[in-house]
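2 protein chains.
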Amino acid sequence: MPGNSRAAGTHHSRPSSSEEPPDLEDQELLLAAAYVSDAQYNRNVPFETSPQAIRLYHFYNHWTMRAATYFFIWVNLALALFEEPAVFPLPFLVTSIAEVLCLTAFFGRLVHFAKVTPQKVFWKDTKNICVMVTIVLTLIDLVIYGSLEAVNIRGVRWSRALRPVFLINFPESRQIRRTFRSIRNTLPDILYVFLLFLFSMMIFSLMALKLFGDRDLRTVEGSPYFTNILDIAFELYVLVTTANSPDVMMPAYELNWWYSLYFITYIIINTYIFMSVFLAVIYNNYRKHLKNEIHTLAYLKHHKMTEAFNILKVKVGTEFVVKEARWRRLVKVVAPDVSSSHLELLLRISDEGQKGHVDKVNFLRLADLLNIRVVAINIKKHPLETWMPRVYQSSTSLLVQKMVQHRIFVWVYDVIILINAIFIALDEKDSLISYAEWLFLSLYIIEILLKLYTYEPSAYFGRKQFWNWFDTLIIIAALLATVANTTIQARKYNSQQVLDIVLILRILRLLRVIVSIQRFRVIVTTLINIGPTMLTFGGLVLVVYYAFAIIGMEVFHGKIHFLDPGSGSPDALVCGNPALKDSAFAQGRYCKNNFNDLASSLILLTELTVVNQWHILADGFALVTHQAAKLYFIGFHVVVVILIVNIFIAFILEAFFVAYSLEKSEVETAIEKKIQELGVGVQEEEVQDGGLIDNMDAKDSGFSPDEGDNKKKDLKGLYFRIASKKYKTVDTLLQQMFESEIAPEGKDPSLKEILSFSPKKVNFDNSA
Amino acid sequence: MPGNSRAAGTHHSRPSSSEEPPDLEDQELLLAAAYVSDAQYNRNVPFETSPQAIRLYHFYNHWTMRAATYFFIWVNLALALFEEPAVFPLPFLVTSIAEVLCLTAFFGRLVHFAKVTPQKVFWKDTKNICVMVTIVLTLIDLVIYGSLEAVNIRGVRWSRALRPVFLINFPESRQIRRTFRSIRNTLPDILYVFLLFLFSMMIFSLMALKLFGDRDLRTVEGSPYFTNILDIAFELYVLVTTANSPDVMMPAYELNWWYSLYFITYIIINTYIFMSVFLAVIYNNYRKHLKNEIHTLAYLKHHKMTEAFNILKVKVGTEFVVKEARWRRLVKVVAPDVSSSHLELLLRISDEGQKGHVDKVNFLRLADLLNIRVVAINIKKHPLETWMPRVYQSSTSLLVQKMVQHRIFVWVYDVIILINAIFIALDEKDSLISYAEWLFLSLYIIEILLKLYTYEPSAYFGRKQFWNWFDTLIIIAALLATVANTTIQARKYNSQQVLDIVLILRILRLLRVIVSIQRFRVIVTTLINIGPTMLTFGGLVLVVYYAFAIIGMEVFHGKIHFLDPGSGSPDALVCGNPALKDSAFAQGRYCKNNFNDLASSLILLTELTVVNQWHILADGFALVTHQAAKLYFIGFHVVVVILIVNIFIAFILEAFFVAYSLEKSEVETAIEKKIQELGVGVQEEEVQDGGLIDNMDAKDSGFSPDEGDNKKKDLKGLYFRIASKKYKTVDTLLQQMFESEIAPEGKDPSLKEILSFSPKKVNFDNSA
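So the sequence lines, in the order shown, correspond to chains A and B.
Number 902 marks the last residue of the first sequence (this note's numbering); no jumps.
Number 902 marks the last residue of the second sequence (this note's numbering); no jumps.
Right under this line is the structure:
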């Protein structure tokens with residue numbers, strides 16, 4: 135507590151001891167730890183200070199609770215697979231019981247959250263309200279549908295479209311929520327561009343009506359061309375998506391070549407310029423809002439770390455500091471699985487003068503320090519060298535090692551892979567070729583064995599040696615596939631799925647080429663960096679797809695059937711619906727594209743996202759229901775292709791720029807400097823030059839806990855390095871990106887200042 | 135000259151006098167002026183210092199010479215319209231004489247350039263070499279083709295594809311060249327991504343061959359499905375462009391729904407991720423190289439202004455300065471059409487202390503100052519107020535004025551326009567509706583008259599009042615169109631083109647809605663800002679299209695004919711080529727899409743750029759020639775859609791960000807500050823609030839030249855403002871964007887420093 139400045143003999147205190155030192159109450163430490171871990175993960179849940187509340191809060195944040203929540207969310211979403219129209223039908227009673235179970239779990243989670251949050255804050259949070267309203271609506275829907283079912287009337291299960299609400303609104307889906315907020319904030323700007331776009335479409339529609347309406351032209355299918363203003367507007371909207379180019383232009387172009395200018399002007403203005411403007415507006419807003427939010431989060435982090443500091447500080451001389459013992463216990467509470475050597479390293483960075491205490495500036499960095507993953511590396515000898523040094527160091531053995539390390543070795547294997555590719559392309563029924571199969575496999579296995587002979591095995595399969603693992607796994611998969619293939623052929627076993635998987639595994643081995651070409655590896659590494667970002671994005675897409683799929687299933691279910699064309703039934707040619715006779719939908723054999731179950735719906739929505747031929751699909755469904763059905767497809771196009779795909783592109787562009795341009799952050803530089811000062815560093819290049827690491831072993835905890843008073847010695851023989859960027863979370867990358875613009879350290883903004891800095895953003899509830 | 139420090143009585147010197155002051159030789163002034171104007175336009179042509187050479191140089195840069203060059207470039211490009219296969223055929227003799235004439239003009243221009251450039255620099259310049267080689271190649275081609283023609287053998291006019299070289303390589307096409315350089319510099323990065331993309335395509339092709347090759351599946355057209363590795367690769371490449379989705383998937387999907395996962399995976403990886411990566415790589419490189427070049431240009435500007443300063447400087451006290459009289463004469467030489475009041479304003483900004491001389495820092499800004507357009511505004515009374523003040527100020531008159539200025543007036547007219555739109559959509563044969571036409575027109579004319587009554591006419595039609603001009607021109611066009619329409623209907627005149635233009639003009643009047651909705655106006659203004667950038671881009675597209683069109687015409691000319699389907703000839707159904715029987719090309723009635731003349735070729739290339747159905751077009755041309763013809767179409771796709779369209783998007787994104795984020799530059803701020811200090815400023819908002827300017831008149835030269843010694847008085851009654859961003863060139867915008875990163879002023883980098891700063895870029899020849 136402030137003013138509580140008893141000096142403790144920090145240098146002798148055993149950091150790993152579990153007895154309670156007299157100078158700090160358990161509750162205060164826990165409270166400070168809660169602040170620090172909140173700052174570390176940028177959570178924004180304020181809590182009461184009773185020890186019970188803090189424990190409840192820690193329990194709320196425990197990984198098992200979160201995993202359970204996610205489990206129920208997925209079960210709830212997956213219910214659509216078992217409900218009518220179902221892939222695997224189950225009676226309504228079963229699915230409804232499962233749904234009630236999920237809802238109970240969500241409600242429990244919400245109650246738990248309410249317990250650790252001040253009432254006022256809880257009720258202000260739109261997230262909580264949303265979840266509650268959705269639970270109630272779902273229950274109402276279940277009761278109504280159940281009663282109707284009891285008297286054999288088929289109702290509409292509309293509440294199913296709301297299920298993604300649970301995925302969005304639980305605190306862990308921050309990224310998805312952020313993207314949704316970004317979309318919402320972009321809407322006003324987009325709206326006016328969209329209106330102008332519609333206006334331009336209207337002008338062009340009127341022109342088309344006047345220019346072509348009275349000409350009595352016919353399309354290729356023989357239907358009248360551009361005679362009705364609504365049809366024209368739809369055709370021109372489709373032209374924006376390019377899906378009916380150049381067909382829509384041909385009748386007019388055949389009449390006179392200069393009508394093509396009308397269409398080219400339209401395409402330049404509406405397809406190229408307006409669509410680029412959409413992207414530019416979305417990207418611009420995306421960056422702006424992202425920056426704002428990250429900015430606010432950074433301020434909040436600073437605020438929370440200051441709170442934690444104020445709880446733990448004691449006065450030494452003229453300044454307030456945190457004593458080393460407290461600091462150690464704090465770190466142990468916040469990050470229980472940090473290794474002792476890592477803790478020691480962090481302490482050296484935070485307590486630069488080795489004065490036995492950590493000052494404010496260094497203390498505030500703690501959350502960032504804990505977020506940076508430091509890898510400890512052990513340098514080891516090759517086990518063969520230890521067991522039989524003579525043989526391993528003999529001139530033959532050294533020659534083999536040199537050979538394996540040579541570039542020509544890599545090239546030879548690249549050529550082998552290419553020859554292998556040609557053999558795969560050839561027909562495998564030839565017995566010579568199936569023998570060659572075995573030859574290639576043994577060559578690959580020899581390669582792996584040679585590498586293991588040359589490089590230290592536990593270093594070769596180190597935790598971060600992504601490419602070595604990749605290489606080995608591919609070869610093991612190929613080996614299994616070939617063995618399976620032979621077995622299948624011998625036993626005349628005929629499972630199509632197994633055969634297909636075996637085939638794919640055998641071809642995937644060609645991916646080994648990526649490993650050996652440095653430039654390819656760089657590109658793939660960058661893509662892997664972007665991976666988490668794209669996964670977040672996958673969540674967003676899933677939410678939208680799910681809602682559209684449920685609506686589509688309610689509206690279009692059972693209208694179109696896929697009947698085996700081999701059956702010869704005339705219905706098979708019109709997808710079981712006479713309304714489709716002579717339609718482009720039936721002629722294109724699109725019967726399989728329907729909304730008869732969740733899987734088909736999702737595949738159909740994917741096709742609509744790809745855009746091509748979407749107007750034929752829309753036309754088909756409009757024929758079997760009503761022309762207004764086209765609105766569903768236009769709506770999907772606007773939401774998914776104009777909004778979401780553009781956000782995705784903005785996402786990728788931004789992530790790519792971040793990955794390209796990011797230097798090491800200030801905190802990372804400090805850690806690295808300290809590592810170098812202590813003489814325990816490894817050049818990152820040496821390590822990243824995959825496969826060429828000589829006798830190094832990356833490990834995370836290499837210390838016995840009782841290093842006590844002789845730290846120097848313990849750090850010897852161990853090498854540290856900062857885990858490379860690819861293991862960082864998106865949040866860290868983004869924060870780093872905007873870090874430079876955040877107010878200089880030393881100035882403590884009060885919570886009020888933060889709130890006034892960006893009043894809309896620091897709504898504790900929404901920015902969580 | 136340095137050390138030549140006679141003090142001249144600057145305050146009495148008449149700036150507009152043409153007598154030569156004794157303290158400066160004509161030649162030096164001209165040389166300095168040449169440096170300044172080079173800096174102003176960022177040209178990089180070094181020159182000799184003899185007066186004759188400088189005059190020759192000024193002549194070289196004269197607008198008539200440049201216009202003549204452009205004229206010949208366009209004539210040369212347009213020749214393709216008249217050569218076989220021609221839109222308007224002319225004998226070979228005529229076109230070849232025209233071509234030789236153009237080549238002579240280009241050669242003359244080159245010789246002129248050589249005269250004003252040191253030999254060594256001239257011969258190092260790849261641009262000059264390029265132009266010379268192209269001239270020689272064209273002559274050789276002409277001779278060969280002519281001789282073959284003489285003995286009636288039809289040769290290949292391959293040199294025509296080289297014609298865009300002249301457009302690219304003349305010094306004025308800097309923007310196009312910059313984009314080309316940016317593409318060239320991006321190629322290495324793109325290449326590896328492209329190789330990886332091809333590799334991924336190969337893996338997927340092999341998988342498809344193994345998965346579907348032996349299944350005996352058939353496409354909708356009944357041809358075998360995925361049996362040949364080359365066909366598969368082509369189909370998968372088409373799938374990347376989305377043009378054959380979902381058709382390519384349907385046979386496999388019908389067999390088993392889980393094969394759709396193969397296609398979805400392929401689309402996610404190759405269509406979405408790889409294409410986004412292409413955009414990201416191109417955009418990233420585009421920014422990087424742009425920044426580099428602009429950086430270099432800014433340094434060069436600084437260097438040249440320093441050179442000019444060194445020529446003109448005299449020592450006053452401890453520092454070197456340029457005397458006011460010299461400065462005035464310099465500005466008069468560099469910018470002869472700058473108004474005296476504008477000159478006075480610039481002098482006040484440059485000579486802040488009114489000491490009679492300009493110091494170095496201020497002198498170096500001269501090029502920037504001259505680049506900023508300052509508008510002088512006269513405030514005038516409404517002429518009616520001058521003529522009959524009583525009537526104009528009467529209460530009725532004031533009420534009318536108030537009414538016109540009211541927002542409801544705008545809304546009423548918006549509603550009228552909407553009603554008008556509905557009337558246009560209705561059938562106009564009804565006589566009631568054609569009367570309504572006249573009613574609407576008169577309403578619009580009344581609106582304009584009322585506005586002219588309320589606002590001062592010469593201010594309403596001021597130079598920069600874009601929206602007022604726009605509005606009035608639209609109404610005049612509509613009026614003319616309606617009159618023309620009535621005349622035509624009365625006389626039964628029947629020219630289709632005239633009728634079409636009249637129709638379009640009548641509909642375009644609906645664009646008036648944009649004028650009255652503020653948010654729409656903002657978007658359109660932003661688009662107009664980007665206009666020049668997009669025009670540059672148009673040049674780039676033209677160059678690529680032209681080359682591809684010429685090649686296409688040589689290869690595919692006459693293979694496909696459009697025959698009127700009404701003729702009933704069976705050839706019409708197969709585009710005059712039996713090879714197309716039953717092909718999707720003929721069934722889609724695509725016969726009009728051919729390479730039989732330049733116009734058709736360009737339209738076809740536009741269709742290929744839009745991508746949809748390009749594989750059917752490619753297939754058609756492959757059927758009538760050879761399968762290898764597909765390579766032409768794939769090449770076009772890679773160059774235009776993957777490279778150029780992505781550069782276009784990068785272009786638009788960047789331009790949009792610049793337009794969104796640009797603050798006023800440092801120099802503009804200085805000018806504006808000075809304008810405000812002198813009390814002659816107008817708030818920009820007042821002026822930009824289009825149509826509501828009250829009694830203001832924007833003009834550029836309002837001074838009699840003899841303002842002499844009483845400057846203060848002359849500035850009275852006149853108001854200045856800085857012309858808004860939309861009139862800036864792309865170069866200025868870009869330079870401003872990177873201005874902040876340029877070394878602080880006061881430090882003079884030597885030319886050597888500049889060269890070492892970015893050795894590749896400051897090649898005088900290429901960066902010109």
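Built from N, CA and C at the ideal position, the CB exists for glycine as well.
Can you pull the chain A neighbours of I428 of chain B, defined as C-beta to C-beta under 8 Å?
What I428 of chain B touches in chain A: nothing, since even the nearest Cβ is about 18 Å away.
Just the C-alpha distance for P878 of chain B and L164 of chain B, rounded to the nearest angstrom, thanks.
The predicted model places P878 of chain B with a pLDDT of 44, which falls under 50 and marks its position as unreliable; any figure quoted below should be read in that light. Pairing P878 of chain B with L164 of chain B, the inter-Cα distance amounts to about 29 Å.
Chain-ordered neighbours of R499 of chain B on chain A, where CB pairs are closer than 9 Å:
Result: empty, since nearest Cβ-Cβ is about 29 Å, beyond 9 Å.
Close beta carbons around A248 of chain B, own chain, < 7 Å, minus the five adjacent residues each side:
Counting only Cβ-Cβ distances below 7 Å, and skipping sequence neighbours, we find F256.
Tell me which same chain residues have a C-beta within less than 7 Å of the C-beta of D275 of chain A, skipping the five on either side of it?
Cβ neighbours of D275 of chain A beyond the five flanking positions: R291, W292 and S293.
Does the stretch 299-316 of chain A come close enough to the stretch 659-677 of chain A that 3 or more CB-CB pairs lie under 8 Å?
For the pair of segments examined, the stretch 659-677 of chain A was found to touch the stretch 299-316 of chain A: the number of CB pairs separated by less than 8 Å reaches three.
Please report whether the beta-carbon of F600 of chain A lies at a distance below 9 Å from any beta-carbon of chain B.
At a cut-off of 9 Å between beta-carbon atoms, F600 of chain A makes no contact with chain B.
If I measure Cβ to Cβ from L296 of chain A and keep anything under 6 Å in the same chain, skipping five residues before and after, which residues do I get?
The beta carbon of L296 of chain A lies closer than 6 Å to those of T268 in the same chain, with the five residues before and after it left out.
Please say whether M439 of chain B and F497 of chain B have beta carbons closer to each other than 9 Å?
Yes. Within cutoff.
Unbroken stretches of the beta strand (DSSP E), 3 residues or longer, contained in the stretch 201-232 of chain A
Taking 3 residues as the shortest admissible run, the stretch 201-232 of chain A contains no complete beta strand (DSSP E) segment at all.
As assigned by DSSP and simplified to three states, the class of E811 of chain B
Correct three-state label for E811 of chain B: helix.
List, in order along the chain, the chain A residues whose C-beta lies closer than 9 Å to that of W391 of chain B?
Going along chain A in sequence order, the residues near W391 of chain B (Cβ under 9 Å) are K726, A733, S734 and I737.
Have a look at D323 of chain A and F314 of chain A and give me their C-alpha separation to the nearest angstrom.
Spanning the two alpha carbons is a distance of roughly 15 Å.
Contact the stretch 327-334 of chain A vs the stretch 692-699 of chain A: 3+ CB pairs below 8 Å:
No contact exists between the stretch 327-334 of chain A and the stretch 692-699 of chain A.
For D731 of chain B, which residues from the same chain have a beta carbon less than 7 Å from its beta carbon, with the 5 sequence-adjacent residues on both sides left out?
Excluding residues up to 5 positions away in sequence, P219, A220 and V221 lie with their Cβ nearer than 7 Å to the Cβ of D731 of chain B in the same chain.
Could you say which of A:I768, A:V779, A:D172 and A:I657 lies nearest to A432 of chain A if we only look at CA atoms?
For A432 of chain A, the closest C-alpha among the options A:I768, A:V779, A:D172 and A:I657 is that of A:D172.
Quick one: grab the DSSP three-state call for D753 of chain B.
Helix.
Give the secondary structure of P358 of chain B by DSSP, where H, G and I count as helix, E and B as strand, and everything else as coil.
P358 of chain B carries a strand assignment under DSSP once its states are collapsed to helix, strand and coil.
Candidates A:V656, A:A718, A:A763 and A:I776, of which the one nearest G356 of chain A by Cα:
Of the residues A:V656, A:A718, A:A763 and A:I776, the one whose Cα lies closest to the Cα of G356 of chain A is A:A718.
Coil, strand or helix - T691 of chain A by DSSP
The sequence shown places His at residue 691 of chain A, not Thr. In the three-state scheme derived from DSSP, where H, G and I count as helix and E and B as strand, H691 of chain A is classed as coil.
Count Cβ pairs between the stretch 610-623 of chain B and the stretch 647-660 of chain B that sit closer than 8 Å; are there 3 or more?
Three or more Cβ pairs closer than 8 Å define a contact, and the stretch 610-623 of chain B falls short of that threshold against the stretch 647-660 of chain B.
By DSSP, does D493 of chain B sit in helix, in strand, or in coil?
D493 of chain B falls in the strand class under three-state DSSP.
Taking 9 Å as the threshold (beta carbon to beta carbon), is E741 of chain B in contact with chain A?
Yes, its Cβ sits closer than 9 Å to a Cβ of chain A.
Spell out whether any CB of chain A is found under 9 Å from the CB atom of V327 of chain B.
Closer than 9 Å to some Cβ of chain A, the Cβ of V327 of chain B qualifies, so yes.
Can you give the beta carbon distance from L644 of chain A to I337 of chain B, rounded, assuming they're within the 8 Å contact cut?
Taking a contact as a CB-CB distance under 8 Å, the pair L644 of chain A and I337 of chain B counts as one, their CB atoms being some 6 Å apart.
Which chain B residues sit within Cβ distance under 8 Å of V647 of chain A?
For V647 of chain A, the neighbours in chain B by C-beta distance under 8 Å run, in chain order, F333.
Within 9 Å of any Cβ in chain A, is that where the Cβ of K344 of chain B sits?
So, interface residue.
Mind listing the chain B neighbours of R315 of chain A? Cutoff is C-beta to C-beta under 9 Å, in chain order.
Close to R315 of chain A, with beta-carbon spacing below 9 Å, lies no residue of chain B; the smallest spacing is near 20 Å.
Residue environment, M522 of chain B, which counts as buried when at least 16 other CB atoms sit within 10 Å:
It counts as exposed.
Pairs of beta-carbons, one from the stretch 413-423 of chain B and one from the stretch 760-779 of chain A, closer than 8 Å: are there three or more?
Verdict: no, contact absent.
Measuring only the C-alpha atoms, how far is F240 of chain B from L480 of chain B?
Computed Cα separation, rounded: 39 Å.
Beta bridge counterpart(s) of K449 of chain B as assigned by DSSP:
Bridge partners of K449 of chain B: B:F454.
Whole-number beta carbon distance between I580 of chain A and V647 of chain A, since they are thought to touch under 8 Å:
Actually they are not in contact, since the Cβ atoms of V647 of chain A and I580 of chain A sit about 18 Å apart, beyond 8 Å.
Give the DSSP-derived three-state secondary structure of R315 of chain B in the structure shown.
Assigned with DSSP and collapsed to three states, R315 of chain B falls in helix.
Compute the beta-carbon to beta-carbon distance between G722 of chain A and I750 of chain A, rounded to the nearest angstrom, for a pair I have assumed lies under 8 Å.
Contact flag correct, Cβ pair sits at about 6 Å.
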